[in-house]
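Take a look at the structure below.
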Amino acid sequence: MPKMTRKPTHPGKIIKEDYLSPLSISIKDMAEKLGVSRKTLSKIVNEKGSITPEMA
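In C-alpha coordinates:
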(Lines of atoms letter the chains of each structure in order from A and count residues from 1; the text may use other names and numbers.)
(Lines give C-alpha, C1' and ligand atoms only; values in the text may rest on other atoms or scores of the structure.)
Protein backbone atom coordinates (compact mmCIF):
# COMPACT_ATOMS: atom_id res chain seq x y z
CA MET A 1 0.00 0.00 0.00
CA PRO A 2 1.48 3.41 -0.92
CA LYS A 3 2.27 5.73 1.93
CA MET A 4 -0.04 8.75 1.93
CA THR A 5 1.41 12.07 2.94
CA ARG A 6 -0.06 15.51 3.18
CA LYS A 7 1.43 18.95 3.30
CA PRO A 8 1.78 20.24 6.89
CA THR A 9 -0.76 22.86 7.93
CA HIS A 10 0.77 26.34 8.05
CA PRO A 11 0.64 27.92 11.55
CA GLY A 12 -1.00 31.00 10.03
CA LYS A 13 -3.98 28.96 8.88
CA ILE A 14 -4.42 27.60 12.40
CA ILE A 15 -4.22 31.09 13.94
CA LYS A 16 -6.75 32.42 11.44
CA GLU A 17 -9.24 29.53 11.66
CA ASP A 18 -8.99 28.79 15.40
CA TYR A 19 -8.53 32.26 16.87
CA LEU A 20 -8.97 35.30 14.64
CA SER A 21 -12.16 34.31 12.80
CA PRO A 22 -14.18 32.60 15.56
CA LEU A 23 -13.20 35.11 18.24
CA SER A 24 -13.51 38.16 15.94
CA ILE A 25 -10.02 39.34 16.91
CA SER A 26 -8.18 41.64 14.53
CA ILE A 27 -4.65 40.95 13.37
CA LYS A 28 -3.61 44.20 15.06
CA ASP A 29 -5.07 43.19 18.44
CA MET A 30 -3.66 39.66 18.26
CA ALA A 31 -0.23 41.00 17.27
CA GLU A 32 -0.21 43.29 20.32
CA LYS A 33 -1.11 40.37 22.61
CA LEU A 34 1.64 38.21 21.08
CA GLY A 35 4.21 41.00 21.18
CA VAL A 36 4.87 41.04 17.43
CA SER A 37 4.25 43.66 14.78
CA ARG A 38 1.00 43.73 12.82
CA LYS A 39 3.02 43.26 9.64
CA THR A 40 4.71 40.12 10.99
CA LEU A 41 1.45 38.52 12.09
CA SER A 42 -0.22 39.50 8.82
CA LYS A 43 2.49 37.66 6.87
CA ILE A 44 2.05 34.59 9.06
CA VAL A 45 -1.76 34.59 8.80
CA ASN A 46 -1.53 34.96 5.02
CA GLU A 47 0.91 32.02 4.94
CA LYS A 48 3.75 34.19 3.64
CA GLY A 49 5.84 34.18 6.84
CA SER A 50 7.00 31.69 9.41
CA ILE A 51 6.88 31.60 13.19
CA THR A 52 9.91 31.66 15.45
CA PRO A 53 10.57 29.15 18.23
CA GLU A 54 9.71 31.91 20.73
CA MET A 55 6.29 32.42 19.10
CA ALA A 56 5.54 28.70 19.11
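Just remember that my numbering sits 7 ahead of the position in the sequence shown, which is counted from 1.
Where is the CB? At the ideal position from N, CA and C, for every residue including glycine.
Item, Value
"Around the C-beta of I22, are 16 or more other C-beta atoms found within 10 angstroms, so that it is buried, or is it exposed?", "buried"
"Within 10 Å of its beta-carbon, does A38 have 16 or more other beta-carbons around it, so buried, or fewer, so exposed?", "buried"
"The alpha helix (DSSP H) with S44 in it runs from where to where?", "It is not in any alpha helix (DSSP H) - S44 carries neither H nor E in the DSSP assignment."
"Where do the N-terminal and C-terminal ends of the alpha helix (DSSP H) with G19 fall, by residue?", "18 to 22"
"By a C-beta neighbour count over all protein chains shown, 10 Å radius and 16 as the cutoff for buried, is L48 buried or exposed?", "buried"
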